[in-house]
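Visitor: What follows is a structure written as structure tokens; I'll ask about it next.
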Amino acid sequence: MKWGKKLGSVFVVMLLIAIPFMTKADYEGKKVPVHVKIMNPRGMTEKFVEISEKEAIDIEENLGKMQQALKTIFSNTSSDEDKNGAIEMLQEFINKLVGIGILSPSFATRFIINLLSPKFDLILPVISFGRGFSIIPLYPGEAFIGFMFRPIIMQYFLLGYTASLNLNFLPPRIEYWDMVGTHTLVILGFVGVYIDLGKIGYGIPRVQFAMGEALFAGGLDWF
Numbered sequence: 021m022k023w024g025k026k027l028g029s030v031f032v033v034m035l036l037i038a039i040p041f042m043t044k045a046d047y048e049g050k051k052v053p054v055h056v057k058i059m060n061p062r063g064m065t066e067k068f069v070e071i072s073e074k075e076a077i078d079i080e081e082n083l084g085k086m087q088q089a090l091k092t093i094f095s096n097t098s099s100d101e102d103k104n105g106a107i108e109m110l111q112e113f114i115n116k117l118v119g120i121g122i123l124s125p126s127f128a129t130r131f132i133i134n135l136l137s138p139k140f141d142l143i144l145p146v147i148s149f150g151r152g153f154s155i156i157p158l159y160p161g162e163a164f165i166g167f168m169f170r171p172i173i174m175q176y177f178l179l180g181y182t183a184s185l186n187l188n189f190l191p192p193r194i195e196y197w198d199m200v201g202t203h204t205l206v207i208l209g210f211v212g213v214y215i216d217l218g219k220i221g222y223g224i225p226r227v228q229f230a231m232g233e234a235l236f237a238g239g240l241d242w243f
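Adding 20 to a residue's 1-based position in the sequence shown gives its number in this note's numbering.
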């Protein structure tokens, strides 16, 4: 009986110690609404997506992995095994955005196909993410899905990454290019998903990203 009491006491003490850690692990922080405008040729609709502090921080923490994954995918020196692993990592990240409600499954599938198997077309894939701020003339919102005919100017400081494909006619080829760290990106004729998490609430990381296709994407790589 004495041993039983001792074991019971030890179990209670361990449980009390574990509770704060369990609570911390399950804590997602405050949830904030993201006002998303869905724009298409037929008009505009609106929806709200809730995102928690934990989800926003998780997105930020995975951006470095996405940068490395994209470099691996488009590197001529990467092995097939490395490229397959990088593609899985990219798909996993995009699936998280689908789970949160930022991306639709159909858009995610189409973007991955266009990125991995680009065609000679007027618009080509572009993906940009990192810490910074954005300017879209006469558009005060923090997110949109669909068409944006106004120019999108995205400024990054130290933690930023942009990757896109360029179409060259002589000789005919599609080339991958990227900008890393501090840089300024200008996008014209964009169709896709844009979100600036820094605009949605205090405590949310100042992370922004754009994912889709554009008539033009270019800018200045400061370093």
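Heads up, the beta-carbon is just placed ideally off N, CA and C, and yes, glycines get one too.
(1) Just the C-alpha distance for G84 and M64, rounded to the nearest angstrom, thanks.
(2) Using the rule of at least 16 other Cβ atoms within 10 Å of the residue's Cβ for burial, across every protein chain shown, is F229 buried or exposed?
(3) To the nearest whole angstrom, what separates the beta carbons of M168 and I156, a pair I think is in contact under 8 Å?
(4) Looking only at C-alpha atoms, which of L158, G239, G150 sits nearest to Y176?
(5) Which of helix, strand or coil does DSSP assign to K51?
(6) Which value, in whole angstroms, describes the spacing of the CA atoms of N186 and L123?
(7) Sorted by chain position, which residues of the same chain lie with C-beta nearer than 6 Å to V200's C-beta, five sequence neighbours on each side aside?
(8) Along the chain, which unbroken stretches of the beta strand (DSSP E) at least 3 residues long are found entirely within the region 188–218?
(9) Count the other CB atoms within 10 Å of the CB of L136; is the residue buried (16 or more) or exposed (fewer)?
(10) If I measure Cβ to Cβ from G239 and keep anything under 7 Å in the same chain, skipping five residues before and after, which residues do I get?
(11) Starting from the Cα of K50, find the closest Cα among I58, M59, E70 and give me that residue.
(12) Any idea what DSSP makes of G239, helix, strand or coil?
(13) I172 and F210: beta carbons closer than 7 Å?
(14) Starting from the Cα of G105, find the closest Cα among V118, K116, K91 and give me that residue.
(15) If you count every other CB in all the chains shown that lies within 10 Å of the CB of P145, and 16 or more means buried, which is it?
Guide: Reading from the atomic positions:
(1) Roughly 33 Å separates the two Cα atoms.
(2) Label assigned to F229: buried.
(3) Sure, about 7 Å apart at Cβ, within 8 Å.
(4) Closest option to Y176, judged by alpha-carbon separation, among L158, G239, G150: G150.
(5) If DSSP states are grouped into helix, strand and coil, K51 belongs with the strands.
(6) Rounded to whole angstroms, N186 to L123 spans 25 Å at the Cα level.
(7) The answer, listed in chain order, is Y181.
(8) As far as the region 188–218 is concerned, its whole beta strand (DSSP E) runs of at least 3 residues are 193–200, 203–216.
(9) By the 10 Å Cβ count, L136 comes out exposed.
(10) Within the same chain, and ignoring the five residues on either side of G239 in sequence, the residues whose Cβ sits closer than 7 Å to its Cβ are M199, H203, T204, L205, V206.
(11) That would be E70, whose Cα lies nearest to the Cα of K50.
(12) In the structure shown, G239 sits in a strand (DSSP, three-state: E or B).
(13) In contact: I172 and F210 (Cβ atoms closer than 7 Å).
(14) The residue with the shortest Cα to Cα distance from G105 is K91.
(15) Burial call: buried.
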